[in-house]
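A quick write-up on the structure given underneath.
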Amino acid sequence: MTAQLDRTEIGFRHLVRMTDDRGILEHAKYATPRYSHGYCTDDNARLVVVAFRDGGRTFAAAALARIALTFTLDAQSVAGATRNRLSFERIWLDEPTLEDCWGRSLWAFGTVVARSNGDGARTQALAAFERAAVHRTPFLRSAVFAALGAAEILGVDSGHEPSRALLADVAEMIGPPRADRDWPWPEDRLTYSNAALPEVLLRAGHLLGDDQVFDDGLMLLDWLVDTETHHEHFSPTPAGGRGPGDPRPGFDQQPLELWALADACATAFALTEDHRWRDLTDRAVAWFVGDNDAGLPMIDPETHGCYDGLENGTVNYNQCAESTLPMLSTRQHDRP
8 MTAQLDRTEI GFRHLVRMTD DRGILEHAKY ATPRYSHGYC TDDNARLVVV
58 AFRDGGRTFA AAALARIALT FTLDAQSVAG ATRNRLSFER IWLDEPTLED
108 CWGRSLWAFG TVVARSNGDG ARTQALAAFE RAAVHRTPFL RSAVFAALGA
158 AEILGVDSGH EPSRALLADV AEMIGPPRAD RDWPWPEDRL TYSNAALPEV
208 LLRAGHLLGD DQVFDDGLML LDWLVDTETH HEHFSPTPAG GRGPGDPRPG
258 FDQQPLELWA LADACATAFA LTEDHRWRDL TDRAVAWFVG DNDAGLPMID
308 PETHGCYDGL ENGTVNYNQC AESTLPMLST RQHDRP
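Using my numbering, the first residue of the sequence shown is number 8, and each one after it goes up by one.
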(Lines of atoms letter the chains of each structure in order from A and count residues from 1; the text may use other names and numbers.)
(Lines give C-alpha, C1' and ligand atoms only; values in the text may rest on other atoms or scores of the structure.)
Protein backbone atom coordinates (compact mmCIF):
# COMPACT_ATOMS: atom_id res chain seq x y z
CA MET A 1 0.00 0.00 0.00
CA THR A 2 1.02 3.61 -0.43
CA ALA A 3 0.51 5.59 2.77
CA GLN A 4 -0.91 9.08 2.69
CA LEU A 5 1.47 10.97 4.94
CA ASP A 6 -0.14 12.98 7.71
CA ARG A 7 1.67 16.32 7.71
CA THR A 8 -0.04 17.73 10.79
CA GLU A 9 2.14 19.33 13.42
CA ILE A 10 4.28 16.93 15.40
CA GLY A 11 2.63 16.42 18.78
CA PHE A 12 4.42 15.99 22.12
CA ARG A 13 1.14 15.16 23.88
CA HIS A 14 2.03 11.59 24.85
CA LEU A 15 5.54 12.55 25.94
CA VAL A 16 4.03 15.13 28.31
CA ARG A 17 1.81 12.40 29.74
CA MET A 18 4.86 10.14 30.21
CA THR A 19 7.02 12.79 31.91
CA ASP A 20 6.99 14.18 35.45
CA ASP A 21 9.31 16.65 37.16
CA ARG A 22 12.11 14.04 37.33
CA GLY A 23 12.16 12.65 33.82
CA ILE A 24 10.37 10.59 31.22
CA LEU A 25 9.09 7.25 32.52
CA GLU A 26 10.32 4.19 30.69
CA HIS A 27 7.25 1.99 30.18
CA ALA A 28 3.52 2.29 29.54
CA LYS A 29 0.56 -0.08 29.69
CA TYR A 30 -1.22 0.99 26.56
CA ALA A 31 -1.00 4.80 26.98
CA THR A 32 -0.77 4.86 30.79
CA PRO A 33 2.68 5.34 32.35
CA ARG A 34 3.91 2.41 34.47
CA TYR A 35 5.29 4.30 37.44
CA SER A 36 6.64 1.21 39.19
CA HIS A 37 9.11 0.67 36.33
CA GLY A 38 10.77 4.03 36.93
CA TYR A 39 13.07 5.88 34.57
CA CYS A 40 16.14 5.19 32.45
CA THR A 41 18.88 7.42 31.11
CA ASP A 42 18.57 5.83 27.66
CA ASP A 43 15.10 7.34 27.21
CA ASN A 44 15.88 10.68 28.83
CA ALA A 45 18.92 11.10 26.59
CA ARG A 46 16.75 10.29 23.59
CA LEU A 47 14.25 12.87 24.80
CA VAL A 48 17.04 15.47 24.96
CA VAL A 49 17.86 14.79 21.31
CA VAL A 50 14.25 14.98 20.12
CA ALA A 51 13.30 18.00 22.24
CA PHE A 52 16.36 20.09 21.34
CA ARG A 53 15.94 19.23 17.67
CA ASP A 54 12.52 20.87 17.94
CA GLY A 55 14.38 24.18 18.15
CA GLY A 56 12.01 25.82 20.61
CA ARG A 57 9.01 25.55 18.28
CA THR A 58 6.70 24.45 21.11
CA PHE A 59 6.46 25.15 24.82
CA ALA A 60 6.04 21.42 25.50
CA ALA A 61 9.33 20.54 23.82
CA ALA A 62 11.17 23.31 25.67
CA ALA A 63 9.86 22.11 29.04
CA LEU A 64 10.64 18.47 28.25
CA ALA A 65 14.14 19.44 27.10
CA ARG A 66 14.95 21.04 30.46
CA ILE A 67 13.68 18.08 32.47
CA ALA A 68 15.44 15.47 30.35
CA LEU A 69 18.73 17.35 30.26
CA THR A 70 18.71 17.68 34.06
CA PHE A 71 18.11 13.93 34.35
CA THR A 72 20.89 13.07 31.90
CA LEU A 73 23.38 15.37 33.60
CA ASP A 74 22.52 13.89 36.98
CA ALA A 75 23.07 10.35 35.66
CA GLN A 76 26.73 11.09 34.94
CA SER A 77 29.37 10.21 37.52
CA VAL A 78 32.25 12.53 38.41
CA ALA A 79 34.53 10.33 36.31
CA GLY A 80 32.28 10.57 33.23
CA ALA A 81 30.55 7.17 33.19
CA THR A 82 26.75 6.97 33.31
CA ARG A 83 24.07 5.30 35.43
CA ASN A 84 20.97 4.08 33.63
CA ARG A 85 18.18 3.03 36.00
CA LEU A 86 16.37 5.24 38.49
CA SER A 87 13.43 4.00 40.56
CA PHE A 88 10.24 6.01 40.86
CA GLU A 89 11.38 6.66 44.45
CA ARG A 90 14.39 8.53 42.96
CA ILE A 91 17.00 5.90 43.92
CA TRP A 92 19.69 4.94 41.41
CA LEU A 93 19.62 1.16 40.95
CA ASP A 94 22.89 0.57 39.10
CA GLU A 95 26.51 1.65 38.91
CA PRO A 96 27.97 3.97 36.25
CA THR A 97 28.98 2.20 33.03
CA LEU A 98 30.24 2.86 29.50
CA GLU A 99 27.31 1.03 27.93
CA ASP A 100 24.56 2.44 25.70
CA CYS A 101 23.35 4.94 28.30
CA TRP A 102 26.84 6.50 28.27
CA GLY A 103 26.87 6.73 24.47
CA ARG A 104 23.37 8.12 24.25
CA SER A 105 24.23 10.71 26.90
CA LEU A 106 27.14 11.92 24.77
CA TRP A 107 24.79 12.10 21.78
CA ALA A 108 22.40 14.15 23.89
CA PHE A 109 25.12 16.50 25.17
CA GLY A 110 26.45 17.04 21.66
CA THR A 111 22.95 17.83 20.42
CA VAL A 112 22.52 20.46 23.14
CA VAL A 113 25.87 22.06 22.31
CA ALA A 114 24.91 22.27 18.64
CA ARG A 115 21.25 23.24 18.95
CA SER A 116 20.54 24.95 22.27
CA ASN A 117 19.46 28.58 22.29
CA GLY A 118 20.64 29.03 25.88
CA ASP A 119 24.23 29.52 26.98
CA GLY A 120 23.62 27.83 30.33
CA ALA A 121 22.43 24.55 28.86
CA ARG A 122 25.20 24.63 26.25
CA THR A 123 27.91 25.21 28.86
CA GLN A 124 26.65 22.39 31.09
CA ALA A 125 26.34 19.98 28.18
CA LEU A 126 29.81 20.74 26.81
CA ALA A 127 31.41 20.18 30.22
CA ALA A 128 29.57 16.86 30.60
CA PHE A 129 30.54 15.80 27.08
CA GLU A 130 34.20 16.54 27.68
CA ARG A 131 34.13 14.69 31.01
CA ALA A 132 32.74 11.58 29.31
CA ALA A 133 34.66 11.78 26.03
CA VAL A 134 37.98 10.87 27.66
CA HIS A 135 36.70 7.29 27.87
CA ARG A 136 36.57 4.62 25.20
CA THR A 137 34.04 1.81 25.35
CA PRO A 138 34.36 -1.74 24.00
CA PHE A 139 30.66 -1.74 23.04
CA LEU A 140 30.19 -0.78 19.39
CA ARG A 141 26.68 0.71 19.62
CA SER A 142 27.67 2.73 22.70
CA ALA A 143 30.64 4.11 20.78
CA VAL A 144 28.47 4.89 17.73
CA PHE A 145 25.95 6.87 19.79
CA ALA A 146 28.80 8.81 21.40
CA ALA A 147 30.25 9.56 17.96
CA LEU A 148 26.94 11.06 16.85
CA GLY A 149 27.29 13.54 19.70
CA ALA A 150 30.87 14.30 18.68
CA ALA A 151 29.69 14.95 15.11
CA GLU A 152 27.07 17.41 16.39
CA ILE A 153 29.76 19.43 18.17
CA LEU A 154 32.15 19.34 15.23
CA GLY A 155 29.38 20.70 13.06
CA VAL A 156 29.49 23.94 15.03
CA ASP A 157 33.12 23.86 16.26
CA SER A 158 35.43 22.10 13.82
CA GLY A 159 38.41 22.59 16.13
CA HIS A 160 36.97 20.78 19.14
CA GLU A 161 39.71 18.23 19.69
CA PRO A 162 37.91 15.79 22.06
CA SER A 163 35.16 15.41 19.46
CA ARG A 164 37.60 14.96 16.58
CA ALA A 165 39.51 12.26 18.47
CA LEU A 166 36.35 10.42 19.51
CA LEU A 167 34.80 10.50 16.04
CA ALA A 168 38.03 9.27 14.43
CA ASP A 169 38.39 6.43 16.93
CA VAL A 170 34.82 5.24 16.44
CA ALA A 171 35.12 5.33 12.65
CA GLU A 172 38.21 3.13 12.99
CA MET A 173 36.31 0.84 15.38
CA ILE A 174 33.53 0.34 12.80
CA GLY A 175 36.12 -0.31 10.12
CA PRO A 176 35.69 -0.78 6.37
CA PRO A 177 33.03 -2.96 4.73
CA ARG A 178 33.78 -6.65 4.44
CA ALA A 179 34.95 -8.00 1.11
CA ASP A 180 31.84 -10.24 0.91
CA ARG A 181 29.56 -8.49 -1.57
CA ASP A 182 26.50 -10.26 -0.20
CA TRP A 183 27.27 -9.33 3.41
CA PRO A 184 29.62 -6.32 3.59
CA TRP A 185 28.26 -5.36 7.02
CA PRO A 186 31.08 -5.17 9.63
CA GLU A 187 29.17 -7.50 11.99
CA ASP A 188 27.95 -11.08 11.58
CA ARG A 189 24.35 -10.00 12.25
CA LEU A 190 22.31 -6.84 12.08
CA THR A 191 21.15 -5.98 15.59
CA TYR A 192 19.69 -2.57 16.54
CA SER A 193 20.07 1.05 15.45
CA ASN A 194 21.95 -0.38 12.51
CA ALA A 195 21.88 2.68 10.26
CA ALA A 196 23.73 4.68 12.92
CA LEU A 197 26.94 2.88 11.88
CA PRO A 198 27.03 4.16 8.27
CA GLU A 199 25.81 7.55 9.50
CA VAL A 200 28.88 7.82 11.73
CA LEU A 201 31.11 6.91 8.78
CA LEU A 202 29.41 9.54 6.62
CA ARG A 203 29.83 12.21 9.28
CA ALA A 204 33.41 11.19 10.05
CA GLY A 205 34.38 11.18 6.39
CA HIS A 206 32.84 14.61 5.88
CA LEU A 207 34.02 16.30 9.08
CA LEU A 208 37.49 14.74 9.18
CA GLY A 209 38.14 15.04 5.44
CA ASP A 210 38.46 11.30 4.71
CA ASP A 211 36.86 10.46 1.36
CA GLN A 212 37.35 6.70 1.77
CA VAL A 213 35.52 6.63 5.09
CA PHE A 214 32.71 8.69 3.54
CA ASP A 215 32.43 6.31 0.57
CA ASP A 216 32.40 3.32 2.94
CA GLY A 217 29.51 4.87 4.84
CA LEU A 218 27.56 5.53 1.67
CA MET A 219 28.14 1.98 0.45
CA LEU A 220 27.04 0.42 3.75
CA LEU A 221 23.96 2.61 3.98
CA ASP A 222 22.99 1.73 0.41
CA TRP A 223 23.36 -1.98 1.22
CA LEU A 224 21.41 -1.64 4.47
CA VAL A 225 18.54 0.19 2.75
CA ASP A 226 18.33 -2.58 0.17
CA THR A 227 18.46 -5.25 2.90
CA GLU A 228 15.74 -3.51 4.95
CA THR A 229 13.37 -2.89 2.02
CA HIS A 230 10.52 -5.23 1.07
CA HIS A 231 8.01 -4.42 -1.70
CA GLU A 232 9.12 -0.77 -1.82
CA HIS A 233 8.62 -0.11 1.90
CA PHE A 234 10.98 -0.43 4.83
CA SER A 235 11.06 -3.83 6.51
CA PRO A 236 13.53 -3.19 9.32
CA THR A 237 15.56 -5.72 11.22
CA PRO A 238 13.35 -7.22 13.94
CA ALA A 239 14.19 -7.24 17.63
CA GLY A 240 15.82 -10.66 17.30
CA GLY A 241 18.29 -9.40 14.70
CA ARG A 242 18.92 -10.53 11.14
CA GLY A 243 21.71 -12.54 9.62
CA PRO A 244 22.58 -13.79 6.14
CA GLY A 245 19.80 -15.99 4.81
CA ASP A 246 17.25 -15.12 7.49
CA PRO A 247 13.69 -15.06 6.11
CA ARG A 248 12.04 -11.71 5.43
CA PRO A 249 10.01 -10.04 6.65
CA GLY A 250 10.81 -10.57 10.30
CA PHE A 251 8.43 -9.28 12.95
CA ASP A 252 8.59 -7.54 16.28
CA GLN A 253 9.89 -4.58 14.28
CA GLN A 254 10.91 -1.68 16.49
CA PRO A 255 10.42 2.06 15.82
CA LEU A 256 14.04 2.69 16.85
CA GLU A 257 15.19 1.14 13.58
CA LEU A 258 13.26 3.73 11.58
CA TRP A 259 14.79 6.58 13.63
CA ALA A 260 18.26 5.37 12.70
CA LEU A 261 17.31 4.91 9.04
CA ALA A 262 15.68 8.33 8.80
CA ASP A 263 18.64 10.09 10.42
CA ALA A 264 21.18 8.30 8.24
CA CYS A 265 19.27 8.95 5.00
CA ALA A 266 18.75 12.60 5.96
CA THR A 267 22.50 12.92 6.60
CA ALA A 268 23.27 11.29 3.26
CA PHE A 269 20.92 13.73 1.51
CA ALA A 270 22.46 16.73 3.27
CA LEU A 271 25.98 15.69 2.29
CA THR A 272 25.35 14.45 -1.27
CA GLU A 273 22.26 16.42 -2.37
CA ASP A 274 21.08 13.19 -4.02
CA HIS A 275 17.28 13.29 -3.76
CA ARG A 276 17.10 9.51 -3.56
CA TRP A 277 18.11 9.85 0.09
CA ARG A 278 15.35 12.43 0.66
CA ASP A 279 12.86 9.93 -0.77
CA LEU A 280 14.18 7.23 1.55
CA THR A 281 13.74 9.54 4.54
CA ASP A 282 10.11 9.90 3.46
CA ARG A 283 9.90 6.10 3.32
CA ALA A 284 10.88 5.94 6.99
CA VAL A 285 8.14 8.43 7.85
CA ALA A 286 5.64 6.39 5.81
CA TRP A 287 6.36 3.24 7.84
CA PHE A 288 4.67 4.85 10.85
CA VAL A 289 1.44 5.63 8.99
CA GLY A 290 0.99 2.17 7.52
CA ASP A 291 3.42 1.69 4.65
CA ASN A 292 4.93 -1.37 6.34
CA ASP A 293 4.82 -5.18 6.28
CA ALA A 294 1.47 -5.36 8.12
CA GLY A 295 -0.15 -2.37 6.45
CA LEU A 296 -1.02 -0.95 9.87
CA PRO A 297 -0.54 2.55 11.30
CA MET A 298 1.80 2.74 14.29
CA ILE A 299 0.52 6.04 15.73
CA ASP A 300 -2.41 6.33 18.13
CA PRO A 301 -4.36 9.33 16.74
CA GLU A 302 -5.86 10.15 20.15
CA THR A 303 -2.74 10.04 22.34
CA HIS A 304 -0.03 10.88 19.76
CA GLY A 305 1.86 7.88 21.14
CA CYS A 306 3.56 5.22 19.03
CA TYR A 307 2.89 1.51 19.41
CA ASP A 308 5.79 -0.54 20.76
CA GLY A 309 6.23 -2.97 17.88
CA LEU A 310 4.92 -4.15 14.54
CA GLU A 311 3.83 -7.79 14.55
CA ASN A 312 2.53 -10.09 11.84
CA GLY A 313 -0.96 -8.68 11.27
CA THR A 314 -1.15 -6.65 14.48
CA VAL A 315 0.75 -4.22 16.70
CA ASN A 316 1.90 -4.13 20.30
CA TYR A 317 -0.49 -1.49 21.65
CA ASN A 318 1.71 -0.34 24.54
CA GLN A 319 3.13 3.16 23.95
CA CYS A 320 6.42 3.46 25.79
CA ALA A 321 9.00 6.23 25.55
CA GLU A 322 11.35 4.06 23.47
CA SER A 323 8.72 3.88 20.72
CA THR A 324 7.17 7.34 20.77
CA LEU A 325 10.51 9.18 20.69
CA PRO A 326 11.65 7.45 17.45
CA MET A 327 8.31 8.23 15.82
CA LEU A 328 8.61 11.91 16.69
CA SER A 329 12.26 12.08 15.64
CA THR A 330 11.47 10.46 12.29
CA ARG A 331 8.53 12.80 11.70
CA GLN A 332 10.78 15.79 12.43
CA HIS A 333 12.32 15.05 9.03
CA ASP A 334 8.88 15.42 7.42
CA ARG A 335 8.25 19.09 8.08
CA PRO A 336 6.86 20.86 4.98
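Glycine included, every Cβ here is placed at the ideal spot set by N, Cα and C.
Bear in mind that the values here come from a model prediction, so they are computed numbers and not experimental data.
| query | result |
| --- | --- |
| Cβ neighbours of ARG97 in the same chain (closer than 8 Å, five flanking residues each side left out) | ARG29 |
| Nearest-angstrom Cβ-Cβ length linking ALA35 and ALA58, presumed shorter than 8 Å | In fact, because the Cβ distance is near 18 Å, the residues do not count as touching under 8 Å. |
| Secondary structure, alpha helix (DSSP H): runs of 4+ residues fully inside the segment 84-132 | 107-122 |
| Buried versus exposed call for ARG210 [16 or more other C-beta atoms within 10 Å across all chains shown] | buried |
| Residues that DSSP places opposite ILE306 in a beta bridge | CYS313 |
| As assigned by DSSP and simplified to three states, the class of ASP237 | According to the sequence as given, residue 237 is His; it is not Asp. In the structure shown, HIS237 sits in a strand (DSSP, three-state: E or B). |
| DSSP state of GLN339 mapped onto helix, strand, coil | helix |
| Distance between ILE160 and LEU231 (C-alpha atoms, nearest Å) | 26 Å |
| Assigned exposure category for PRO243 - 16 Cβ within 10 Å defines buried | buried |
| Own chain partners of PHE19 with C-beta closer than 6 Å, once the 5 adjacent residues on each side are dropped | ALA67 and ALA68 |
| Selection from PHE95, THR89 and VAL119 that minimises the alpha carbon distance to LEU105 | THR89 |
| Nearest to ALA328 (by Cα), restricted to the options CYS313, ASN319, ARG338 and GLU318 | CYS313 |
| Exposure label - LEU100; buried when at least 16 CB within 10 Å | exposed |
| Counted within 10 angstroms of its Cβ, other Cβ atoms place SER165 as buried (16 or more) or exposed | exposed |
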